[in-house]
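Colleague: 233 is the number that my numbering gives to position 222 of the sequence shown; each next residue is one higher, with no gaps.
C-beta atoms are modelled at their ideal positions from N, C-alpha and C, and glycine is treated no differently.
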Amino acid sequence: MQNRDATQDAVKTKGGRIYYLSVLYSHILISMVKHTVFKNDHIQAPTPQALAQAADFIQRGKLVAFPTETVYGLGADATNDQAVAMIYAAKGRPQFNPLIIHVAEPTDLDDIVIRNDTAELLTSIFWPGPLTLVLPRASNSTISLLASAGLETLAVRCPNHPVAQKLIQLSGRPIAAPSANASGGLSPTEASHVADSLGDKVDLVLDGGHTRIGVESTVLDLTGRIPTILRHGGVTLEDLTALLGEVHCSLVEDESPKSPGMITSHYAPRLPVRLDAMTASPNEAFLTFGEDRLASGGATRMNLSATSDLIEAAANLFSMLRALDQSQFSGIAVMPIPEKGLGAAINDRLHRAAAPRIPA
Ligand code: TXA
Ligand code: MG
């Protein structure tokens with residue numbers, strides 16, 4: 012207070028004005044320096060200590076950006092719904108696009124997806140490397156349903172980068188990671204790009220320098236009769252055709268892939284879904300949100316987040332929809348979800364679940 016009075020008095024004179032301006036500018040300068048330091052102090056060289064800390068962060072459900080041979084990934088424990096929800100929140104994705112699950116070696120796939128002969132062949136030749144395979148989810152898969160946006164398939168990849176490899180091994184978890192940029196932005200090929208795009212939304216950035224390939228991995232769908240490229244990338248159509256013979260292409264734009272609602276194999280509840288409900292009939296299952304004392308009815312209830320936490324709600328969305336999708340109920344009524352933050356992605360998914368069904 013005293014300081015402010017003194018400054019105001021000083022401003023009344025010409026010399027005082029210069030003094031005031033210089034104080035102001037030095038404040039701005041200090042805050043700029045602070046900002047820069049703050050923004051970059053979570054970028055760390057991949058020393059053994061930094062890697063150990065990063066692995067510990069992954070195990071504790073935090074976000075770690077790490078280099079791969081293609082682009083930097085924004086990683087979280089793929090078995091932790093809440094951590095995966097934080098990826099979507101950090102990226103600001105308006106939809107839950109399915110994420111790639113990163114593993115250290117092909118044998119890590121055993122409890123995650125169901126492999127076929129083509130997958131065996133491809134992993135023996137191209138892994139570790141820039142080839143992502145879409146395979147059916149194993150029935151006992153521990154991977155978060157949110158990570159695959161509720162799909163019955165999972166995209167898996169084994170990155171060819173020592174830092175990525177070490178992080179997966181040390182954390183002992185499969186790591187879900189989209190490219191480490193805000194939604195709609197360019198994929199980052201340097202640690203500073205990650206910090207510029209995501210700022211302090213990421214807990215730690217492991218700096219592996221410039222990524223070698225610079226474009227994302229090729230995404231190859233192996234769930235149909237003929238292998239189908241969904242995204243071009245580090246492994247080319249020619250490479251794949253030479254090995255497999257016939258290969259189709261069904262390209263989807265990155266950041267807005269095959270809309271989950273359009274994928275026939277996509278999980279949609281069997282029961283009809285009714286949105287913005289404040290009352291449910293005695294036969295309906297009721298998916299509530301926030302304080303649900305004012306809502307009434309329902310044969311059973313599950314609350315996406317009693318504290319109205321949208322990250323928690325996103326984390327619970329797919330598993331609760333599945334849990335309520337039981338034939339003893341006539342439908343699933345869903346309370347309104349605010350259209351802010353992750354609420355937009357939750358509502359997008361709910362609207363798809365409630366839309367008239369396209370016959371498979
Ligand atoms: O090189 C890369 O692949 C990088 C690094 C970090 O590994 N990751 C990356 O992730 O580019 P992302 O989330 O930006 O792109 C993932 C792509 C999207 O096009 C998505 O639609 C597709 O993979 N994808 C993931 N799971 C899928 C699934 N189950 N079915 C079909 N497509 C899937
Ligand atoms: Mg991307």
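I111: beta carbon under 8 Å from a heavy atom of the ligand HEM?
Modeller: Within the structure as shown, the ligand HEM is missing, the only ligands being the ligand TXA and the ligand MG.
Colleague: Once you ignore the five residues that flank S194 on each side, which residues in its own chain have a CB closer than 8 Å to its CB?
Modeller: Correct list, in chain order: K102, G103, R104, P105 and E266.
Colleague: In three-state terms, what does DSSP make of K351?
Modeller: If DSSP states are grouped into helix, strand and coil, K351 belongs with coil.
Colleague: In three-state terms, what does DSSP make of A66?
Modeller: If DSSP states are grouped into helix, strand and coil, A66 belongs with the helices.
Colleague: Just the Cα atoms here: how many angstroms apart are D320 and A160?
Modeller: Each residue's alpha carbon lies about 19 Å from the other.
Colleague: Mind listing, in chain order, the continuous alpha helix (DSSP H) runs of no fewer than 4 residues lying wholly within the segment 214-270?
Modeller: Qualifying alpha helix (DSSP H) stretches, in chain order: 248-255.
Colleague: I'd like to confirm something about G84: is its beta-carbon nearer than 8 Å to some heavy atom of the ligand TXA, or not?
Modeller: Correct: G84 has its Cβ closer than 8 Å to the ligand TXA.
Colleague: Looking at the structure shown, is S135 part of a helix, part of a strand, or coil, going by DSSP?
Modeller: Here S135 sits in helix by DSSP.
Colleague: Run through DSSP, which three-state label would S330 get?
Modeller: Helix.
Colleague: Start and end of the beta strand (DSSP E) containing M313?
Modeller: Per DSSP, M313 belongs to the beta strand (DSSP E) from T311 to N314.
Colleague: Buried or exposed, going by whether 16 or more other CB atoms sit within 10 Å of the CB of D88?
Modeller: Buried is the call here.
Colleague: Tell me the residue span of the beta strand (DSSP E) that contains D88.
Modeller: G84 to D88 is the span of the beta strand (DSSP E), which, as asked, contains D88.
Colleague: How should K177 be labelled, buried or exposed, when 16 other C-beta atoms within 10 angstroms of its C-beta is the threshold for buried?
Modeller: Its Cβ being crowded by 16 or more others within 10 Å, K177 is buried.
Colleague: Whose C-alpha, out of C260, G220, R223 and G245, is nearest the C-alpha of I237?
Modeller: Checked all of C260, G220, R223 and G245; the closest Cα to I237 is C260.
Colleague: Taking the alpha carbon of M346 as the reference point, which residue from T290, F340 and N91 has its own alpha carbon closest?
Modeller: Minimum Cα distance to M346 is reached at T290.
Colleague: Out of L361, L262, A206 and S155, point me to the one whose CA is closest to D287's CA.
Modeller: Cα-wise, what sits closest to D287 is L361.
Colleague: Please identify the residue among F340, P173, N171 and I154 whose C-alpha is closest to the C-alpha of L2.
Modeller: Nothing about residue 2 can be read from this structure; the chain reaches only from 12 to 371.
Colleague: Could you tell me which uninterrupted alpha helix (DSSP H) segments, each at least 4 residues in length, are contained entirely in the segment 143-199, listed from first to last along the chain?
Modeller: You should have 173-182.
Colleague: Kindly indicate which three-state DSSP category G103 falls into: helix, strand or coil?
Modeller: Of the three classes helix, strand and coil, the one that applies to G103 here is coil, per DSSP.
Colleague: What separation, rounded to the nearest whole angstrom, lies between the Cα atoms of K269 and T318?
Modeller: Residue confidence is low: K269 scores 46 on pLDDT, short of 50, so the model does not pin down where it sits. Its coordinate-derived value is still stated next. So the alpha carbons of these two residues sit roughly 33 Å apart.
Colleague: Of the choices N314, T81, L315 and D214, whose alpha-carbon is the least far from that of E227?
Modeller: Of the listed residues, the one whose Cα sits closest to E227 is T81.
Colleague: Considering just the uninterrupted stretch of the alpha helix (DSSP H) at G209, what are its terminal residues?
Modeller: In the sequence as displayed, the identity of residue 209 is Leu instead of Gly. First-last of the alpha helix (DSSP H) with L209: A202 to L209.
Colleague: Return helix, strand or coil for H362, following the three-state DSSP convention.
Modeller: If DSSP states are grouped into helix, strand and coil, H362 belongs with the helices.
Colleague: For the ligand TXA, I want to know if S208 counts as a neighbour, meaning its beta carbon is within less than 8 Å of at least one of the ligand's heavy atoms.
Modeller: No - the ligand TXA has no heavy atom lying nearer than 8 Å to the Cβ of S208.
Colleague: Round the Cβ separation of L144 and L231 to the nearest angstrom and send it over; I've been treating them as touching at under 8 Å.
Modeller: That pair is a contact at about 6 Å.
Colleague: Could you tell me whether any non-hydrogen atom of the ligand TXA is closer than 8 Å to the CB of E374?
Modeller: Residue 374 is absent from the model: the chain starts at 12 and stops at 371.
Colleague: Can you tell me whether DSSP reads T118 as helix, strand or coil?
Modeller: If DSSP states are grouped into helix, strand and coil, T118 belongs with the helices.
Colleague: When we look at the beta-carbon of P59 and count the other beta-carbons within 10 Å, is it buried (16 or more) or exposed?
Modeller: Classification of P59: exposed, given that the 10 Å Cβ count is below 16.
Colleague: Just curious, the beta strand (DSSP E) that V124 is in, first and last residue?
Modeller: Element bounds for V124: n/a, residue is neither H nor E.
Colleague: Below 8 Å, is the gap between the Cβ of S341 and the nearest heavy atom of the ligand MG?
Modeller: No, Cβ of S341 sits at least 8 Å from all heavy atoms of the ligand MG.
Colleague: From A324, H221 and A188, pick the residue whose C-alpha is nearest to that of S203; which is it?
Modeller: Taking only the C-alpha atoms, the option nearest S203 is H221.
Colleague: Does any heavy atom of the ligand TXA sit closer than 8 Å to the C-beta of R242?
Modeller: Yes, the beta carbon of R242 sits closer than 8 Å to at least one heavy atom of the ligand TXA.
Colleague: Report the rounded CA-to-CA distance for R304 versus P280, giving the unit in angstroms.
Modeller: Their backbone Cα atoms lie some 26 Å apart in a straight line.
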